[in-house]
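Numbering-wise (the working numbering), the sequence shown opens with residue 376 and increments by one.
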Amino acid sequence: MLRNDQSVFELGFPSRLTFETEGVRYSGSKRSVIPKIHELIHLLPIHSVLDAFAGTTRVSQYFKSAGYDVHCNDLAAYSSVFGRCYLVNCNVERPELDEKLKFLNHLKPVDGYFTEHFGGEDDGAGSVKAADGKKKPFLLKNTRRLDAIRDEIDKIAGDKIEHAILLTSLINALDQVENTLGHQVAYLSKWAPRAYSDFILRRPRLLAGDGNYRVTKMDARKVSDRFDLAYFDPPYNTNNTHTPTTRVRYASYYHFWTTVVLNDRPQSIGASNRRLDCSSDTLPGAISKYESTKYDQVLAEIDQLVSNANARYVLFSYSNKGKVGIEDLEKIFARYKVLAIEKFSHRENVQKLLTSNREWLGDQSANFEYLFLVEKE
Ligand SMILES: C[S@@+](CC[C@H](N)C(=O)[O-])C[C@H]1O[C@@H](n2cnc3c(N)ncnc32)[C@H](O)[C@@H]1O
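Okay, here's the thing in structure tokens:
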């Protein structure tokens with residue numbers, strides 16, 4: 376049976392392949408776009424692929440399942456962890472893993488950094504209550520277990536890959552009980568039913584493979600190796616001129632996963648206890664260049680990204696609600712041999728559909744996802 380963080384796509388060509396991916400809830404995840412990507416690329420003469428904005432690594436997982444050599448990259452530290460778990464690891468047996476997960480699942484809860492900053496109680500009427508008066512993303516029983524488990528992972532992991540597998544298991548489990556709408560800049564004021572569950576670490580869906588797999592954490596433009604295909608899925612930002620600063624900023628939206636991975640007990644700030652290092656756009660590295668509020672800067676960045684790409688084919692994802700207009704993107708891609716421009720309906724980002732306070736619903740007009748496929752040389 377499928378868990379709700381998994382998806383299966385039955386693909387009829389070339390040989391009824393099944394592509395299954397696993398990952399956390401993530402704004403801009405391409406989980407449901409994978410069949411379209413497959414349709415566009417499976418007949419191309421490609422062997423090596425770059426997934427330069429890998430996020431959850433769902434697309435990289437598909438690339439690996441489809442038999443390509445894969446390099447996944449993202450600025451986010453948690454994405455590198457997912458990449459080592461799903462991509463670099465090819466040993467699907469790992470008998471010792473079950474023992475370690477069982478050990479972690481049964482650790483005695485302790486009070487620590489996560490409990491102090493992210494744990495809350497039920498006030499008796501289903502609302503979140505905490506000593507500092509803030510909303511919290513987890514019940515205390517779960518942050519106490521997290522405090523115990525996170526430190527222990529550093530002690531019991533046999534190597535860097537196993538460390539990443541254990542961390543991925545922990546993050547996947549926490550994602551199932553997190554009291555949010557899918558991002559970590561605002562928490563719900565009432566406890567959702569999911570939040571009352573005890574999280575359970577499970578074996579991630581490890582993938583076998585006999586290709587070359589690499590993971591990096593750098594600005595996508597700096598990846599200079601040669602690939603047959605470069606897939607670019609940068610942050611879309613927003614074209615909403617009424618609320619130009621209200622857009623997905625990944626470092627801030629998923630600050631909690633960064634802290635779980637780094638376990639660096641950062642100074643935290645604001646209603647959601649975000650890491651100080653992502654709390655303001657003015658801090659170095661807090662926002663990506665694709666998340667700038669300046670149209671020309673984002674346009675120039677995308678232009679450079681595509682022209683620098685050291686790949687025969689470039690596949691590019693964007694949305695009609697993104698910062699840069701589709702006409703301007705078409706001008707960039709018109710410089711190359713355009714093989715396809717696919718436009719299709721796509722569900723909006725979770726936080727736009729499910730806003731809790733009903734005050735900011737964003738632009739409610741139709742959302743279209745685009746895939747541009749060009750041959751550069
Ligand atoms: C739209 S999401 C990608 C989603 C991903 N394709 C998936 O299916 O999960 C954009 C990603 O770009 C990353 N990012 C932002 N700026 C970046 C940059 N300059 N270089 C590399 N990654 C970047 C973010 O951390 C985020 O994970």
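Don't be surprised by glycine CBs; every beta carbon is placed ideally from N, CA and C.
Contact test: residue i Cβ vs ligand 1 heavy atom, cutoff 7 Å
i: N742; result: no
i: T431; result: yes
i: S599; result: no
i: A686; result: no
i: G403; result: yes
i: D594; result: yes
i: V434; result: yes
i: D529; result: no
i: N448; result: yes
i: Y437; result: no
i: D608; result: yes
i: F691; result: no
i: K696; result: no
i: Y625; result: yes
i: Y745; result: no
i: K664; result: yes
i: F394; result: no
i: A451; result: yes
i: Y454; result: Residue 454 is actually Ser in this sequence, not Tyr. For ligand 1, at least one heavy atom lies less than 7 Å from the Cβ of S454.
i: F602; result: no
Exposure of residue i, with buried meaning 16 or more beta-carbon neighbours within 10 Å
i: E553; result: buried
i: F478; result: exposed
i: N517; result: buried
i: R710; result: exposed
i: Q726; result: Because the pLDDT at Q726 is just 45, under 50, the model does not fix this residue reliably, and the value given afterwards should be weighed accordingly. It counts as buried.
i: H617; result: exposed
i: G584; result: buried
i: R624; result: buried
i: Q679; result: exposed
Reduced DSSP category for residue i - H, G, I as helix; E, B as strand; rest coil
i: D652; result: helix
i: Y401; result: coil
i: I716; result: strand
i: T431; result: coil
i: V725; result: Only weak support exists for where V725 lies, its pLDDT of 45 falling under 50; the coordinates are left without a value.
i: A605; result: strand
i: E553; result: coil
i: E361; result: As displayed, the chain neither begins before 376 nor continues past 752, which places residue 361 out of reach and without an answer.
i: Y711; result: coil
i: A684; result: coil
i: C460; result: helix
i: L543; result: Reading off the sequence shown, one finds Thr at residue 543, where the question assumed Leu. Looking at T543 - three-state DSSP - the assignment turns out to be helix.
i: I753; result: Residue 753 is absent from the structure shown; the chain starts at 376 and stops at 752.
i: D588; result: Position check: residue 588 holds Tyr in this sequence, whereas Asp was assumed. In this structure, Y588 counts as strand in the three-state DSSP scheme.
i: Y453; result: helix
i: V316; result: The structure shown does not extend to residue 316, since the chain is modelled only from 376 to 752, so the question has no answer here.
i: F631; result: helix
i: D444; result: strand
i: K565; result: strand
i: Y611; result: coil
i: D678; result: helix
Which residue spans inside the stretch 467-540 form an unbroken beta strand (DSSP E) run of at least 3? 494-497
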